[in-house]
Structures are given as C-alpha cells and as structure tokens.
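Participant:
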Amino acid sequence: MSGVAPTTPPELLGSRRSRLLGRMRPGGVLVATASTIVVFGALAYLVVNSPGWSRVQQTFFNPERFADSFPDIAAALLVNVRMFLTAEILILILALTLAVMRSLPGPVFFPFRLMAVAYIDLFRGVPGILVIFLLGFGIPGLRLPGVTTDAFVWGLVALVLVWSAYVAEVYRAGIEAVHPSQEAAARSLGLSQGQSMRYVVLPQAVRRVIPPLLNDFIGLQKDTALVSFIGVIEVFRRTQIEAGGSFNFTPYLVCGLLFLAMTIPLARFVDWLAARDRRRQFAGTGAR
Numbered sequence: 000m001s002g003v004a005p006t007t008p009p010e011l012l013g014s015r016r017s018r019l020l021g022r023m024r025p026g027g028v029l030v031a032t033a034s035t036i037v038v039f040g041a042l043a044y045l046v047v048n049s050p051g052w053s054r055v056q057q058t059f060f061n062p063e064r065f066a067d068s069f070p071d072i073a074a075a076l077l078v079n080v081r082m083f084l085t086a087e088i089l090i091l092i093l094a095l096t097l098a099v100m101r102s103l104p105g106p107v108f109f110p111f112r113l114m115a116v117a118y119i120d121l122f123r124g125v126p127g128i129l130v131i132f133l134l135g136f137g138i139p140g141l142r143l144p145g146v147t148t149d150a151f152v153w154g155l156v157a158l159v160l161v162w163s164a165y166v167a168e169v170y171r172a173g174i175e176a177v178h179p180s181q182e183a184a185a186r187s188l189g190l191s192q193g194q195s196m197r198y199v200v201l202p203q204a205v206r207r208v209i210p211p212l213l214n215d216f217i218g219l220q221k222d223t224a225l226v227s228f229i230g231v232i233e234v235f236r237r238t239q240i241e242a243g244g245s246f247n248f249t250p251y252l253v254c255g256l257l258f259l260a261m262t263i264p265l266a267r268f269v270d271w272l273a274a275r276d277r278r279r280q281f282a283g284t285g286a287r
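Now the structure itself:
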C-alpha cells in the first residue's frame, strides 16, 4: 500500500489551496475577503483624507510623470537584467567550487578548506556596498595596463564575490544534508572520492537547495541597483536622473514597480518549489 500517512497534517504537504489563505472552512474565504476589503479600505480612506494627500499625490503619483519616465527607466532595467543573469552563472560556478573545497576530507586538503573558509568569512562579513566601492573605484585608480576601468565590469565582479560566499554556504548545507551512506555506497561500488562527489552527492545536494538558491537570487536582483553608486547607468541611476530633472518622485514609483515585476514571480515560483518538495518528502515517508 502506498500513499500519505493519515496523520500527516495537510498544511505540511502544501495544500491545493493557496498557503497564503491557509485552511479555511466553507465560509472562511468570504470572511477573509470582507475583512481584507475593510482593512485596506480604511487605510486608503485615512491616506486619501489626510491634509497633505494632494501634495503627496502630485509628488509621488503623478500620471504624466509616470508615463514620461517609464520608457527610459524600463530600458535601463535591461542593464540590471544583463548584470543579474551574468552574475548568476558565475556565482553558481564559483560558489559550488568553494562548497566542494570546504567539504574535502582529510588533512591533505586542509589548505583548500582554509582558503574556502577564509573567502566565505571575508565576503560575508564585509558589506556588499563597500566591496563595490573598493573595486569600482580602487581598481581603475591603480591604472594597471590591460585592466579595464569599466564600472559595469567591476560592479559585476563585486556582486559575484559577495554573493558567491552566501551561495557557497547554501551548497554546503545541501552537501551535508546528503546522508554519508550515499557516499559510502558509491565508494563500495568502486567510485573514487571525486566521482562519488560528482555523480552521487552533488546531484542530490543541488536538488535539495534549489528553493534557497532562488531566494538568494531574488536578493541578487535587488542588489544590482547598488552598482549605481559607482557610476553605472542602470535602472536606479536612471530613476535618480529622471526624478532630479523633474523635481518629482514619481519615477521612484516606476522603479519600484519594475523591481516588483521581476521579484514577485520568482518568489511565487520558490513557494511552489518548496511546497512540491514537501509533498514529495512526506509522500515518500508515508509510502509502504
């Protein structure tokens, strides 16, 4: 007989209903809808009827400024997307290398473990904006022959260095979550240490850490705006230019909505992956 254990709470399996709504009785959805309308309606009433609403509306919610600034700000977002996608690929490779180095057993690999730990501790302990400033201004300031002074490149390098330290720890958690018997079984079949890691441990570890990896990349998407401080004309810097030229803050609303348009779908995808993994785990433990 196979199936889910009857004592397993449905909410742990990721119910077919939205986990945002939770488990509700037949009239629960109606009550939730009504209470939501009342709460947000009251908040909207208080804001709209506040003494300074007309000035705030003109400054932050100007339809004309929204329409005028949207095309240029949306075009600048492509710089962030290009930086994010490039950084993501490089981070996945570097972070996996660091996690494997930190997981190597035996005294002979101690120098590699030490280098990985030092790297991770350094770049997790230093603020990302400081790394961006040091590389974005420091490296070009050295005027090294053959070394680019492009702010985009050094902003990208800084993001890769910082986020690789965080993602390496996510990978390491996945590697340590694989039961040692898996590697022992692989070794008993004649696989070497490296082959066991490559063909047995890493495939299982990567599958386990996909949701937290995606969460880190949501943060990376937002951190691409930090490179504006070293002169890269990306979406946030373009927003500042638009707002400064019109003495109006509506372009910041455009910028925020564009970031939400990128991050919310990915966040919901992470939720879906996490719920799917929970269902698979409990289905596996309940099978007979």
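For the sequence shown, position 72 (counting from the first letter as 1) is numbered 71 according to numbering that gives the first Met the number 0, and the numbering increases by one without interruption.
We put the CB at the ideal spot given by N, CA and C, even for glycine.
1) How is Asn79 classed by DSSP in three states: helix, strand or coil?
2) Whole angstroms is fine: what's the gap from Gly51's alpha carbon to Arg207's?
3) Specify, as a first and last residue, the run of the alpha helix (DSSP H) that Met196 falls within.
4) Just tell me which of Glu168, Pro264, Arg54 and Arg123 has its CA closest to the CA of Glu212.
5) What do you get for Gln194, buried or exposed, if any count of 16 or more other CB atoms within 10 angstroms of its CB means buried?
6) Tell whether a beta-carbon distance below 8 angstroms holds between Leu219 and Leu158.
7) Go through its chain and collect everything with a Cβ distance to Ala86's Cβ below 8 angstroms, but skip five positions before and after it.
8) Going by beta carbon distance, what residues of the same chain come within less than 7 angstroms of Asn214, once the five residues before and after it are set aside?
9) Among Phe151, Val116 and Ser191, which has the Cα closest to the Cα of Tyr165?
10) In angstroms, rounded to a whole number, what distance separates the CA positions of Val78 and Leu190?
11) So the candidates are Val30, Arg142, Leu45 and Asn61; which of them puts its Cα closest to the Cα of Tyr251?
12) What number of angstroms, rounded off, separates the C-alpha of Phe132 from the C-alpha of Ala176?
13) Take Tyr170 as the anchor and find which of Ala31, Met100, Gly135 and Pro264 has the nearest alpha-carbon.
14) Mind checking which residues open and close the alpha helix (DSSP H) that includes Thr35?
15) Between Leu141 and Trp153, is the Cβ-Cβ spacing less than 8 angstroms?
16) So Pro211 is in the alpha helix (DSSP H); what residue range does that whole segment cover?
17) So Thr238 is in the alpha helix (DSSP H); what residue range does that whole segment cover?
18) Any chance you could list the alpha helix (DSSP H) runs of at least 4 consecutive residues sitting entirely within the segment 97-133, in chain order?
19) Please state the DSSP three-state secondary structure of Val62.
20) What three-state label does DSSP hand Phe151 in the structure shown?
21) Check whether the segment 63-83 and the segment 224-242 touch, using three or more Cβ-Cβ pairs below 8 angstroms as the test.
22) Can you give the beta carbon distance from Val205 to Gly173, rounded, assuming they're within the 8 angstroms contact cut?
23) Among Val125, Gly124, Gly127 and Ala98, whose alpha-carbon lies nearest the alpha-carbon of Leu113?
24) Using the C-alpha atoms, what's the distance from Pro139 back to Phe59?
25) Can you tell me which of the three DSSP states Ser53 falls into?
26) Going by other Cβ atoms of all chains shown within 10 Å of its Cβ, with 16 needed for buried, is Ala33 buried or exposed?
27) Is Ile217 near Thr262, with beta carbons less than 8 angstroms apart?
28) So the alpha helix (DSSP H) Pro139 belongs to, where does it begin and stop?
29) Any idea what DSSP makes of Val166, helix, strand or coil?
30) Helix, strand or coil for Val159 per DSSP?
Facilitator: According to the structure data:
1) Correct three-state label for Asn79: helix.
2) 50 angstroms
3) No alpha helix (DSSP H) holds Met196; DSSP gives it neither H nor E.
4) The residue you asked about is not Glu; residue 212 is Leu in the sequence shown. It is Glu168.
5) Looking at its Cβ environment, which holds fewer than 16 other Cβ atoms inside 10 Å, Gln194 is exposed.
6) yes
7) Excluding residues within five positions, the ones whose Cβ falls inside 8 angstroms are Leu155, Leu158, Val159, Trp162, Leu219 and Thr223.
8) Apart from sequence neighbours up to five positions away, the residues of its chain that approach Asn214 with a beta-carbon distance below 7 angstroms are Val269, ordered along the chain.
9) Nearest C-alpha to Tyr165: Val116.
10) 45 angstroms
11) Asn61
12) Ala176 has its alpha-carbon roughly 36 angstroms from the corresponding atom of Phe132.
13) Comparing Cα positions, the closest option is Met100.
14) Gly27 to Val47
15) With respect to Trp153, Leu141 sits apart: the two C-beta atoms are not nearer than 8 angstroms.
16) That run of the alpha helix (DSSP H) goes Ile209 to Asp222.
17) Val234 to Ser245
18) 109-124 and 127-132
19) Residue identity differs from the one stated: residue 62 is Pro in this sequence, not Val. Helix, per DSSP.
20) In the structure shown, Phe151 sits in a helix (DSSP, three-state: H, G or I).
21) yes
22) 7 angstroms
23) Ala98
24) 37 angstroms
25) helix
26) exposed
27) It is a contact, given that the beta carbons lie within the stated cut-off.
28) Ile138 to Leu141
29) helix
30) Reduced to three states, the DSSP call for Val159 is helix.
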